[in-house]
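Quick note, the sequences are listed as chains A and B, same order. So for the first sequence, the working numbering puts the first residue at 3; every next one is plus one. So for the second sequence, the working numbering puts the first residue at 55; every next one is plus one. All C-beta atoms in this analysis are idealised placements derived from N, C-alpha and C, irrespective of residue type, glycine included. The structure displayed is predicted, hence computed values, not measured ones. Encoded as structure tokens, the structure appears first; notes follow it.
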Amino acid sequence: MRREPSRWPRALGTAVMGLLLAVLGTTAFSWWALGPLRLEPLIVLVVSAGYRLPLVLGFIVVMFLGYVADLISGGVMGLNVVIFTVVYVICQLARRKLDITSWPFQMLSVGVLTILDHLLTAGAVTLTVPSYVPPVNLPLLLLAQGLINAFTAPLFFGLNEALVGMLARFWPAERKVTP
Amino acid sequence: MNFFRKYRFPIIVGLFVLGALAYFSFSAGKGVERIPAGRYLLELTGPVQRGITGVGDWFNSVWRHYFALVQASEENDRLKNELAALKQRTVDRDELELANRRLKKLLEFKQNLDYPIVAAEVVGTDPSAQFKTVIINKGASHGVLPLMPVVCAQGAVGRVIWSSPHYAKLLLLIDPNSGVDVIVQRSRARGVAEGAPGGELRLKYLIHTEDVRLGDKVITSGAAGVYPKGVLVGTVSAVRQGQDGAFQRVQITPAVDFGRLEEVLVLLRRRQLDQ
């Protein structure tokens, strides 16, 4: 019997994994991009944080992830921080109302929130850059990206849980509760 | 305190959302270099990115080289096939050219003949070493019948010994069983040319008094009724005076290269025999 890792290993693990996946997102993941579609592991981690981390600590981690995303994506600084915060809030609200423990639900959340993420991004870019015209096939792209993120979510959930579990094993407070 | 506990969630959410928006407002339009923390973070992530990119480039390079090799190998195979096809086409073209030349000679030869003829291709040669026969692809349905003479552009070839509806068998001049009445073109000396070992012809029944020299051309006499008169048979290649008998021993090199016999003309003149 193993208990759920405490908040600190989870927060640290999610942040480290986010940093690692963000770097991979600019390198290895972009090599397997399907045109405009690519792997987006950070949104998966945001959803994971929203469902598993406590409110305040989760906010910090998610804002860090947004910051990292803003840093390496080269977009408008602060945009991902806001969007990830919104996504995180939605997850926290869902966590209070729904049973979010099942993986299919989490995958569905990732898919839906990916679409929301991109809609917010497109809206923000449209507001900040007047000359920006969203692509005509934006709905299709959003749907495809949502599906990709939803179906790859278990992989990143799993990676994150592995790192969190590893950190929990060495975390001083965790050693007492983990057999 | 109770108020905070009661509205903890919306207060915290509101604070963080406002904080995020404030950050967005503050940092929007500013470069990364204006944000110290970002600079350090990039310093942290940069080497990792470079390392991953380097590893990725290495794998990519290996992958591309592998594929390049595979593609080069495939291209090599394709080019080899194309080269083989082109070589075959060249051979085919050369064959056509050679066949064209041969047929042209045959045509010229045919125009000099006063007989109806049938052109045929050699489709088979005799499997035994003792006999010299070939199969042609024209037979009785084309008017090819036994005893009809067969010639080619170079000269006399032989005669038909049997025919089926679409094929016929020829007895070549060089076969030991073959014999044709001939004359030496220069001296008009007369004899019979028979097949001899080694693919040569032997001129028989030529008496000592006849004038025969090396290089003399030997042609058909037309006397036996098989061949028309004047078809080249060969060239005298050896003359010996016989020690025991009245005849000279004359060897003739056939005008036709029987080893390369491909197209022939069958003279439809059997009626000559009947006359």
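Euclidean distance between Cα positions of residue i and residue j
{"i": "V91/A", "j": "F66/A", "result": "15 Å"}
{"i": "A277/B", "j": "D235/B", "result": "6 Å"}
{"i": "A164/A", "j": "R12/A", "result": "10 Å"}
{"i": "G249/B", "j": "L227/B", "result": "6 Å"}
{"i": "V266/B", "j": "R294/B", "result": "10 Å"}
{"i": "R156/B", "j": "S127/B", "result": "42 Å"}
{"i": "K162/B", "j": "K141/B", "result": "The displayed chain sequence assigns Glu, not Lys, to residue 162/B. Roughly 31 Å between the two C-alpha positions."}
{"i": "I306/B", "j": "L286/B", "result": "11 Å"}
{"i": "Q302/B", "j": "H196/B", "result": "41 Å"}
{"i": "F331/B", "j": "F70/B", "result": "No statement about residue 331/B is possible, as the shown extent of chain B runs from 55 to 329 and does not include it."}
{"i": "F63/B", "j": "F80/B", "result": "25 Å"}
{"i": "F113/B", "j": "L26/A", "result": "15 Å"}
Beta carbon of residue i nearer than 8 Å to that of residue j
{"i": "S291/B", "j": "L268/B", "result": "yes"}
{"i": "L160/B", "j": "V188/B", "result": "no"}
{"i": "T116/A", "j": "G167/A", "result": "no"}
{"i": "P203/B", "j": "R323/B", "result": "yes"}
{"i": "L140/A", "j": "A124/A", "result": "yes"}
{"i": "L23/A", "j": "P38/A", "result": "no"}
{"i": "A207/B", "j": "W216/B", "result": "no"}
{"i": "L169/A", "j": "G60/A", "result": "no"}
Top-ranked residue by Cα proximity to residue i, from the options
{"i": "V58/A", "options": "A243/B, G73/B, A194/B and L255/B", "result": "G73/B"}
{"i": "I190/B", "options": "Y169/B, P219/B, R323/B and R155/B", "result": "P219/B"}
{"i": "A173/B", "options": "L286/B, G193/B and T179/B", "result": "G193/B"}
{"i": "G299/B", "options": "S217/B, L75/B and Y259/B", "result": "Y259/B"}
{"i": "E317/B", "options": "K158/B, T307/B and S232/B", "result": "K158/B"}
{"i": "L319/B", "options": "V176/B, N231/B and L137/B", "result": "V176/B"}
{"i": "G253/B", "options": "D131/B, V310/B, P64/B and G68/B", "result": "V310/B"}
{"i": "A247/B", "options": "S81/B, N114/B and G288/B", "result": "G288/B"}
{"i": "D111/B", "options": "F172/A, A30/A and I102/A", "result": "A30/A"}
{"i": "R244/B", "options": "V71/B, S115/B and D270/B", "result": "D270/B"}
{"i": "W105/A", "options": "R98/A, F172/A, Y53/A and L26/A", "result": "Y53/A"}
{"i": "L95/B", "options": "G20/A, R98/A and F61/A", "result": "G20/A"}
{"i": "N162/A", "options": "A17/A, S8/A and W10/A", "result": "A17/A"}
Own chain residues within Cβ distance below 7 Å of residue i, not counting five before or after
{"i": "V112/A", "result": "I45, V46, V49, N151, A152 and A155"}
{"i": "R325/B", "result": "The predicted model places R325/B with a pLDDT of 47, which falls under 50 and marks its position as unreliable; any figure quoted below should be read in that light. Answer for R325/B: no residue qualifies."}
{"i": "A146/A", "result": "L39"}
{"i": "D119/A", "result": "I45, I85 and V89"}
Close Cβ partners of residue i (< 8 Å) along its chain, the five nearest in sequence each way excluded
{"i": "D72/A", "result": "V78, M79, G80, L81, N82 and V83"}
{"i": "L121/A", "result": "L144"}
{"i": "D328/B", "result": "The pLDDT assigned to D328/B is 45, lower than 50, so where the model puts this residue is not dependable; a value taken from the coordinates is nonetheless given after this. For D328/B, where only same-chain residues beyond five positions count, there are no Cβ hits under 8 Å."}
Classification of residue i by the beta-carbon crowding that lies within 10 angstroms, buried from 16 upward
{"i": "P181/A", "result": "For P181/A, the predicted model reports a pLDDT of 43, less than 50, meaning its position is unreliable; a value from the coordinates is still stated below. Exposed."}
{"i": "T87/A", "result": "buried"}
{"i": "E129/B", "result": "exposed"}
{"i": "G68/A", "result": "buried"}
{"i": "T274/B", "result": "buried"}
{"i": "G108/B", "result": "exposed"}
{"i": "P308/B", "result": "buried"}
{"i": "I85/A", "result": "buried"}
{"i": "K60/B", "result": "exposed"}
{"i": "H262/B", "result": "exposed"}
{"i": "K186/B", "result": "buried"}
{"i": "W173/A", "result": "buried"}
{"i": "L255/B", "result": "buried"}
Residue-chain proximity (residue i, chain C), Cβ-Cβ < 8 Å
{"i": "T87/A", "result": "As a matter of chain content, chain C is missing from the structure shown, whose protein chains are A and B."}
Same chain, Cβ closer than 6 Å to residue i, neighbours up to 5 away in sequence not counted
{"i": "V205/B", "result": "V211, V285 and L319"}
{"i": "C93/A", "result": "V49, G52 and Y53"}
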